[in-house]
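These notes concern the structure reproduced below.
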Amino acid sequence: MQNKVEKGLLFILCIYSLFFFIGSTLSPMVAHFQSYDVSAKLTSLYMYSCHQQPDRSFWLLGYPIALCCRCYGFYLGVSTSTILALFNKLKGDLTLITILFITSLVDISANVILKINTGNITRFFIGIMMGFLCISLLLYIIKFIKEKLNNEY
Numbered sequence: 405m406q407n408k409v410e411k412g413l414l415f416i417l418c419i420y421s422l423f424f425f426i427g428s429t430l431s432p433m434v435a436h437f438q439s440y441d442v443s444a445k446l447t448s449l450y451m452y453s454c455h456q457q458p459d460r461s462f463w464l465l466g467y468p469i470a471l472c473c474r475c476y477g478f479y480l481g482v483s484t485s486t487i488l489a490l491f492n493k494l495k496g497d498l499t500l501i502t503i504l505f506i507t508s509l510v511d512i513s514a515n516v517i518l519k520i521n522t523g524n525i526t527r528f529f530i531g532i533m534m535g536f537l538c539i540s541l542l543l544y545i546i547k548f549i550k551e552k553l554n555n556e557y
């Protein structure tokens, strides 16, 4: 059972990640309709959270989305997992956390250490997994803290 603080935190994380996901999707759409100044401002909002390399981004209407595929997937994963958590469909399960962590670690290691290009689709799905991992880990930590507090009192 979630209390108001947990639900509030999940809601804020959902809105925050939707801002990134929707805003970065709107940037190429706005550019397509020749409103380049608005598109540039939208894109610049995300420059401190993502490298925004066009070759590692999906393209929409002839313009790159304002986030790379992995970041784009991450924010989609955070949004989706927080919605599931708000409806008590996602728990902080250690098995899920381990599987998501190992999968993410293998992909990132292949990219960074072995210099294997896994492609944008794989990066996108790994980003979704990382978003789920982030929220699952947060739920696990909250559950752990609640159990510790209940054992002390």
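In terms of the numbering used here, the sequence shown opens at residue 405 and continues consecutively. Built from N, CA and C at the ideal position, the CB exists for glycine as well.
(message) Taking the alpha carbon of Y476 as the reference point, which residue from S428, S439, V409 has its own alpha carbon closest?
(response) Reading the sequence shown from its first residue, position 72 is the one you call residue 476. Among S428, S439, V409, the Cα nearest to that of Y476 is on S428.
(request) Spatial neighbours of L446 within its chain, please: CB distance less than 8 Å, with the 5 preceding and 5 following residues excluded, ordered by chain position. (result) Counted from its first residue, the sequence shown places residue 446 at position 42. If we look at L446 and ignore the five residues flanking it on each side, its Cβ neighbours are G427, S428, L430, S431, V434, A470.
(request) Can you have a look at P458 and say buried or exposed, based on whether 16 or more other CB atoms are within 10 angstroms of its CB? (result) For the purposes of this step, residue 458 is taken as the residue at position 54 of the sequence shown. Exposed: under 16 other Cβ atoms inside 10 Å.
(request) Return the CA-CA distance between L480 and I546, expressed in angstroms with no decimal places. (result) The count along the sequence shown starts at 1 and reaches residue 480 at position 76. The count along the sequence shown starts at 1 and reaches residue 546 at position 142. Cα-Cα distance, rounded: 22 Å.
(message) For D441, count the other beta carbons within 10 Å of its own beta carbon; 16 or more makes it buried, fewer makes it exposed. Which is it?
(response) Here residue 441 is taken as the residue at index 37 of the sequence shown, counted from 1. So D441 ends up on the exposed side.
(request) Report the residue from Y544, E551, I539 whose alpha carbon sits nearest the alpha carbon of I487. (result) On the sequence shown, position 83 is the one that residue 487 refers to. Cα-wise, what sits closest to I487 is I539.
(request) Alpha carbon to alpha carbon, how far is H436 from D497? Give it in angstroms, no decimals. (result) To locate residue 497, count along the sequence shown from 1; it is residue 93. To locate residue 436, count along the sequence shown from 1; it is residue 32. The alpha-carbon atoms of D497 and H436 are separated by roughly 43 Å.
(request) Spell out a yes or no on whether the stretch 512-523 and the stretch 460-470 are touching, meaning 3 or more CB-CB pairs, one atom from each, closer than 8 Å. (result) Touching, no, given that fewer than three Cβ pairs across the two stretches are closer than 8 Å.
(request) Could you tell me whether the Cβ atoms of V482 and G412 are closer together than 8 Å? (result) As a first step, residue 482 is located in the sequence shown; it is residue number 78 there, counting from the start. As a first step, residue 412 is located in the sequence shown; it is residue number 8 there, counting from the start. Taking 8 Å as the Cβ cut-off, V482 and G412 do not qualify as a contacting pair.
(request) State the start and end residues of the unbroken alpha helix (DSSP H) segment that holds D511. (result) Indexing the sequence shown from 1 puts residue 511 at position 107. Residues 498-516.
(message) Spatial neighbours of F478 within its chain, please: C-beta separation below 6 Å, excluding the five flanking residues on both sides.
(response) In the sequence shown, residue 478 corresponds to position 74, counting from 1. These residues qualify, in order along the chain: G531, M534, G535.
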